[in-house]
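Residue numbers (our numbering): 22 to 182.
Right, here's the structure in full:
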């Protein structure tokens, strides 16, 4: 639990993950899914360290994808996609200077969903879609039903129990 409002920064996320792995040393992370609020070059580099963590992170349509030495916004690279159509880029791509796999899906509302993962990963959008169930659970715990925030509990030790 952070002692501040708003999103965590890269350092806070790295410390959290390291703390979690100390508490659960045998935990196997199948996939870390994150929305574009939890992105950044330092965080991406951390996730790609050896041993790299499997992740699926949504990036903004305006973020640049570098291919063959050219950097273009994802919305330009995937401009041809029609609603319901997806494409995974087959060549090596770089986002924020790091080599990653990239897949995009044109959503029903016309928005572009762009997901990055470690290289040689397939099914990025499919895996990222599982995040919605987790997001729904957090919404229930936070404000609907359970209302964790209504408890005004800020003591991490009490929440840990």
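We put the CB at the ideal spot given by N, CA and C, even for glycine.
Predicted model, so just to flag it, every value in this text is computed and none were measured.
Relative to residue 75, the option among 92, 149, 43, 94 whose CA is nearest is 149. Shown here, residue 47 sits in coil according to DSSP, grouped into three states, outside any helix or strand.
Residue 114 is bridged by DSSP to 121. Within its own chain, the residues whose Cβ lies closer than 7 Å to the Cβ of residue 50, once the five positions on either side in sequence are excluded, are 74, 75, listed in chain order. Taking one beta carbon from each stretch, the region 99-106 and the region 124-140 have 3 or more pairs nearer than 8 Å; the two touch.
Three or more beta-carbon pairs separated by less than 8 Å are not found between the region 30-50 and the region 114-127, which leaves the two stretches without contact. When secondary structure is reduced to three states using DSSP, residue 103 falls in the coil class, being assigned neither helix nor strand. Beta bridge pairing from DSSP links residue 95 with no other residue. Contact between the region 54-61 and the region 136-154 is present: three or more C-beta pairs spanning the two stretches fall below 8 Å.
By the neighbour-count criterion, in which a residue is buried when 16 or more other Cβ atoms sit within 10 angstroms of its Cβ, residue 99 is buried. Taking 3 residues as the shortest admissible run, the region 27-82 contains the following complete beta strand (DSSP E) segments, listed from N- to C-terminal end: 53-55, 76-80. Where residue 162 is concerned, the enclosing alpha helix (DSSP H) starts and stops at 152-163.
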